[in-house]
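**Student:** Heads up: the sequence shown begins at 789 in the working numbering, then just goes up one per residue. There's a structure below that I have some questions on.
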Amino acid sequence: MIKRVSIYLTGMVFVSLGIVLCAKCGLGVSPVSSLPYVFEAVVPLTFGQLTIIYHLINIAIQLFLLKELYNIKVLLQIPVALMFGWLIDLIKSMIIFDSTKLLYQIPALILSILFTALGMVCMIEMELVQNPPDGVVKLISEKGKAELGKVKVLYDVAAAGSAALVGIVCLGEVRGIGIATLVSAVFVGRMVTFIKRSIVKLMRKKSIHLL
Numbered sequence: 789m790i791k792r793v794s795i796y797l798t799g800m801v802f803v804s805l806g807i808v809l810c811a812k813c814g815l816g817v818s819p820v821s822s823l824p825y826v827f828e829a830v831v832p833l834t835f836g837q838l839t840i841i842y843h844l845i846n847i848a849i850q851l852f853l854l855k856e857l858y859n860i861k862v863l864l865q866i867p868v869a870l871m872f873g874w875l876i877d878l879i880k881s882m883i884i885f886d887s888t889k890l891l892y893q894i895p896a897l898i899l900s901i902l903f904t905a906l907g908m909v910c911m912i913e914m915e916l917v918q919n920p921p922d923g924v925v926k927l928i929s930e931k932g933k934a935e936l937g938k939v940k941v942l943y944d945v946a947a948a949g950s951a952a953l954v955g956i957v958c959l960g961e962v963r964g965i966g967i968a969t970l971v972s973a974v975f976v977g978r979m980v981t982f983i984k985r986s987i988v989k990l991m992r993k994k995s996i997h998l999l
């Protein structure tokens with residue numbers, strides 16, 4: 789159990805690092821981070837604090853759909869949301885580079901995809917607590933008897949579209965939506981599949997994946 793928790797927490801660090809690198813590259817952010825990112829330019833809150841709020845909203849959506857106020861599996865996502873927000877702000881304060889130079893933008897985007905995918909594998913395979921946005925996607929898929937992948941696409945489109953709308957209304961421009969948004973949406977999932985096929989086998993051999 790200690791190994792599972794340790795790997796899960798490591799996964800959270802990797803995902804947070806991936807989110808920050810994507811935001812720092814200046815080419816846009818992933819759909820799930822688009823709303824916190826654009827609101828950072830609108831309200832006096834940090835990217836991490838807004839990520840916490842966004843995750844808490846996703847938790848509330850799950851409780852509403854389940855019609856249960858005290859669902860333990862969902863409520864356990866609250867500390868995950870708080871940890872994500874804290875990690876994002878911590879890592880963001882530690883990473884400084886010129887995001888206007890392509891020399892730094894491309895490597896940052898590539899590393900963002902790698903770290904995000906690796907972190908997702910660590911979290912998913914440990915089967916402890918779901919990331920709040922993923923919890924919403926899975927629940928809608930189950931309730932609506934729809935394919936998980938299609939629901940995920942619709943969720944991402946809705947998040948990115950909402951972020952674009954907020955940017956236009958509040959800032960007069962679309963902010964946070966760019967090539968990195970598309971690249972992340974296309975390649976993170978594929979990288980997750982690749983990592984699961986190669987690394988998870990090793991993890992299971994060493995009895996790290998324990999139910």
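Glycine included, every Cβ here is placed at the ideal spot set by N, Cα and C. Computed from a predicted model, the values in this text were never measured in an experiment.
#1: Please classify Y943: does DSSP put it in a helix, a strand, or coil?
#2: Out of curiosity, what's the CA-to-CA distance linking V939 and D922?
#3: Round the Cβ separation of T981 and V817 to the nearest angstrom and send it over; I've been treating them as touching at under 8 Å.
#4: Could you check which residue in V826, L809, V793, S794 has the C-alpha nearest to that of G964?
#5: Straight-line CA distance for V962 to I956?
#6: What are the boundary residues of the alpha helix (DSSP H) that includes F872?
#7: Looking only at its chain, what residues have a beta carbon closer than 7 Å to the beta carbon of L897, apart from the 5 residues adjacent to it on each side?
#8: Is M789 helix, strand or coil by DSSP?
#9: Please state the DSSP three-state secondary structure of L998.
**Tutor:** For this structure:
#1: In the three-state DSSP reduction, Y943 falls in the helix class (H, G or I).
#2: About 10 Å.
#3: With a Cβ gap of about 22 Å, T981 and V817 do not count as contacting.
#4: For G964, the closest alpha carbon among the candidates V826, L809, V793, S794 is that of V826.
#5: The straight-line gap from Cα to Cα measures roughly 6 Å.
#6: First-last of the alpha helix (DSSP H) with F872: 865-882.
#7: Leaving aside the five residues that flank L897 on each side, the residues in its chain whose CB is nearer than 7 Å to its CB run, in chain order, C810, C813, L815, A968, V971.
#8: Three-state result, M789: coil.
#9: Bear in mind that a pLDDT of 45 at L998, under 50, signals an unreliable position, so the number given afterwards is only what the model happens to contain. Three-state DSSP puts L998 in coil, outside helix and strand.
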